[in-house]
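There are 2 protein chains.
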Amino acid sequence: MPTSKNPGRLRDFVTAFAALLENKPPQAQILHDGGALLQQLIAVDDWLPDAYAQPQPERYQQYLLHADSAERFSIVSFVWGPGQTTPIHDHTVWGLIGMLRGAEYAQAYRRSAGGSLQAEGAPLKLTPGTVETLSPEAGDIHQVRNAFADSVSISIHVYGANIGAVQRSVYAEDGSSKAFISGYSNSHLPNIWDRSSELKKS
Amino acid sequence: MPTSKNPGRLRDFVTAFAALLENKPPQAQILHDGGALLQQLIAVDDWLPDAYAQPQPERYQQYLLHADSAERFSIVSFVWGPGQTTPIHDHTVWGLIGMLRGAEYAQAYRRSAGGSLQAEGAPLKLTPGTVETLSPEAGDIHQVRNAFADSVSISIHVYGANIGAVQRSVYAEDGSSKAFISGYSNSHLPNIWDRSSELKKS
Ligand SMILES: [Fe+3]
Ligand SMILES: [Fe+3]
Ligand SMILES: [Mg+2]
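Going down the list, the sequences are from chains A and B. Take 1 as the starting number for the first sequence in UniProt numbering and just add one per residue. Take 1 as the starting number for the second sequence in UniProt numbering and just add one per residue.
Below, the structure is given as structure tokens:
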């Protein structure tokens with residue numbers, strides 16, 4: 001599997017995010033300051049190894065890039081094949097979505113008084129450089145899809161947990177739900193931690 | 001690359017180690033309590049994926065298994081081919097060595113009054129289940145070698161930093177030293193974080 005030109009970019013994001021969480025800030029600060037860090041990460045598209053940018057014809061891929069030792073956060077590369085879409089789902093933890101390549105539509109949903117789900121406003125279009133936030137307290141039920149029918153889109157997600165271990169739900173439009181745990185598409189993570197050659201140069 | 005039967009064993013070690021470091025304990029406590037955790041990890045040899053247990057004919061391998069988000073610790077699988085040995089080296093950070101498979105000899109060194117290095121006592125033989133500690137304050141210059149001339153040995157090392165980024169030294173017996181950063185042999189880490197199937201069962 002090829003490696004990226006600039007793994008240090010992801011490593012710097014991980015260590016900066018860990019520093020942000022160090023003093024256990026409130027969720028609003030995580031989303032604000034963490035969102036700014038994610039915006040920096042996705043501002044340049046030179047760091048994602050090709051192995052974590054591969055679509056599959058059957059369904060969208062969720063490649064774990066890093067999991068925090070204490071499962072305080074995880075970083076996932078979402079790769080959308082042409083026309084692919086998620087079910088309507090929730091998260092139960094805070095989330096940040098940064099658009100890296102292509103574009104996606106995110107449609108928020110709300111429960112109506114009768115219990116069914118209703119689309120809340122128009123779908124939001126995310127384009128490269130855009131960061132979206134998700135908060136369970138503010139309502140975190142949505143459906144996300146590739147904006148393109150003929151090309152691949154990639155977004156980088158950060159969650160306030162090891163999302164591969166979070167019990168959450170998918171929904172039908174009638175409001176009925178089914179428990180799910182999303183897991184990961186990859187059995188190996190990128191090793192972004194070898195700094196021997198760059199430090200030798202410095 | 002094959003995956004292990006029991007990746008949860010390594011994941012539980014990572015999260016327990018993170019919990020230990022949470023309150024910034026003194027080094028003696030990290031070595032004591034962390035050593036007990038490492039002893040539990042290596043008590044059963046069912047969790048190391050084969051990809052991180054492969055020797056190479058040229059030299060011993062250092063496979064990173066996990067790096068902490070804040071580079072507070074790293075976990076490395078050391079794989080010794082028959083007869084392989086390290087140079088005499090230091091670490092500059094605390095370390096824990098747990099013997100998983102085979103055996104190794106660790107020879108401690110001290111500086112003499114004249115500045116040269118002298119072996120300190122007999123080499124220590126590590127056998128499976130044994131945990132050794134390393135502390136820069138107590139003296140952490142040593143040389144480690146496979147105890148076997150005809151088979152592979154594997155030890156699991158935990159360091160108080162991302163050891164792939166630590167500036168340290170190798171030594172000649174006359175006490176002269178050369179700066180080095182050890183780096184890693186692997187470009188991909190095991191993904192030990194997907195808990196979707198085990199949680200579905202429970
Ligand atoms: Fe989502
Ligand atoms: Fe050593
Ligand atoms: Mg961590």
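Ideal Cβ placement from N, Cα and C applies to all residues, glycine included. Quick caveat: nothing in here was measured; it's all calculated off a predicted structure.
Please classify residue i as buried or exposed, where buried requires at least 16 other C-beta atoms within 10 Å of its C-beta.
i	result
ARG59(A)	exposed
GLY115(B)	exposed
ALA108(A)	buried
ARG110(A)	exposed
GLN143(B)	buried
VAL79(A)	buried
ALA70(B)	buried
ASP140(A)	buried
GLY121(B)	exposed
VAL44(B)	exposed
SER155(A)	buried
ASP46(A)	exposed
ALA67(A)	buried
GLY95(A)	buried
ALA113(B)	exposed
GLN29(A)	exposed
ASP150(A)	exposed
HIS32(B)	exposed
GLU104(B)	buried
ALA106(B)	buried
GLU132(A)	buried
ASP174(B)	exposed
Specify the secondary structure class of residue i as computed by DSSP and reduced to three states.
i	result
GLU104(A)	strand
PRO2(A)	Its pLDDT being 43, under 50, PRO2(A) is placed unreliably in this model, and the value from its coordinates should be taken loosely. PRO2(A): coil per DSSP, three-state reduction.
HIS91(A)	coil
ILE42(A)	helix
GLU120(B)	coil
ARG145(A)	strand
TYR52(B)	helix
THR85(B)	strand
ALA161(B)	coil
ARG9(A)	helix
PHE17(A)	helix
SER74(A)	strand
ALA67(A)	strand
GLU198(B)	helix
ALA28(A)	helix
ALA36(A)	helix
Quick check on residue i - is its C-beta less than 7 Å from some C-beta in chain A?
i	result
LEU64(B)	yes
TYR184(B)	yes
residue 215(B)	Since the displayed chain B opens at 1 and closes at 202, residue 215(B) lies outside it and no answer follows.
ALA199(B)	Here the sequence assigns Leu to residue 199(B), which means Ala is not the residue at that position. At least one chain A Cβ lies under 7 Å of LEU199(B).
GLY164(B)	yes
ASP68(B)	yes
ARG195(B)	yes
ILE181(B)	yes
ALA18(B)	yes
SER177(B)	no
Can you find a CB in chain B that lies within less than 7 Å of the CB of residue i?
i	result
PRO2(A)	Summary for PRO2(A): the model assigns pLDDT 43, below 50, so the residue's position carries little reliability, and this model does not support an answer.
VAL191(A)	The amino acid at residue 191(A) is misidentified as Val; the sequence shows Asn. Taking Cβ atoms only, chain B reaches closer than 7 Å to ASN191(A), which makes this a yes.
ASN6(A)	no
VAL14(A)	yes
HIS188(A)	yes
So who's on the other strand from residue i, going by DSSP bridges?
i	result
PHE180(A)	ARG168(A)
GLY98(A)	VAL131(A) and ILE156(A)
LYS125(B)	TYR105(B)
HIS188(B)	PRO190(A)
TRP80(A)	SER153(A)
ARG111(B)	LEU117(B)
GLN62(A)	PHE78(A)
Those residues, in chain order, that have a beta-carbon closer than 6 Å to some heavy atom of ligand 2: HIS89(B), HIS91(B), HIS142(B) and VAL144(B)
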